[in-house]
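If you use the working numbering, the sequence shown corresponds to residues 261 to 415, in order.
Built from N, CA and C at the ideal position, the CB exists for glycine as well.
Single-structure report; data block below.
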Amino acid sequence: SVTVANRPGVLSRITGLFSRRNFNINSLSVGETENPEFSRMTIEVNGDSRVLDQVVKQLNKLIEVIKIDELDRKNIVDRDLALIRVKSTRETRSEIIQIVNTFRGKIVDISTDSLMIEATGTVSKIEALIELLKDFGIEDIVRTGIVALNRGVIS
């Protein structure tokens, strides 16, 4: 998680840094923080500790980077958001709705031949829902990428 100055061009500079160093970004989400002067970027990168150390060192060189929090999967809450448009007929609609309800998703749009589903959860939960919906015919998917925060401390 990287807190940066909320200014034009910051996202471009950070992704350019990753590109020049040949680091692959698996997931990237950016949003304004509680203070509108700053944005928080959640960046998921695959690599060993050497690669991650190099990423942190390179990010720290950028003047727009205010703070870097390395997130440990064991101590975070992370979520992904997906909108999924799936084909539906009168015959399949109730079965699709039942699957969506099992995953605590929402139907956010209905047309004569499709349903649009909003789903939030861990990446594995979203992937499992997508897998179950494939048999009905997925027309389109858009995902936000992971957002994450460290868990609170229990004293």
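- prompt: Expressed to the nearest angstrom, what Euclidean distance is found between the alpha-carbon atoms of Ile359 and Ile390?
  reply: 10 Å
Cβ-Cβ separation, Arg403 to Asp340 (assumed contact under 8 Å), whole Å: 6 Å
task: Starting from the C-beta of Asn286, find all residues in its chain whose C-beta is less than 7 Å away, skip the five residues before and the five after it, and write them out in chain order.
output: Glu304, Val305 and Asn306
Per-residue DSSP class, three states only, for Gly291: strand
For Val264, the three-state DSSP class (helix, strand or coil): strand
- request: Let me know if Arg345 comes out buried or exposed under the rule of 16 or more other beta-carbons within 10 Å of its beta-carbon.
  value: buried
message: Which of the three DSSP states is assigned to Phe396 in this structure?
response: helix
task: May I ask you to report which of helix, strand or coil DSSP gives Lys385?
output: Annotated three-state conformation of Lys385 is helix, per DSSP.
message: In the DSSP assignment, the alpha helix (DSSP H) including Ser272 goes from what residue to what residue?
response: Segment Val270 to Arg280, the alpha helix (DSSP H) holding Ser272.
query: Can Asp308 be considered in contact with the ligand GTP, in the sense that its beta carbon sits closer than 7 Å to one or more heavy atoms?
result: Ligands displayed in this structure: none; no statement on the ligand GTP is therefore possible.
- prompt: Across which residues does DSSP place Thr380 in a beta bridge pair?
  reply: Leu341
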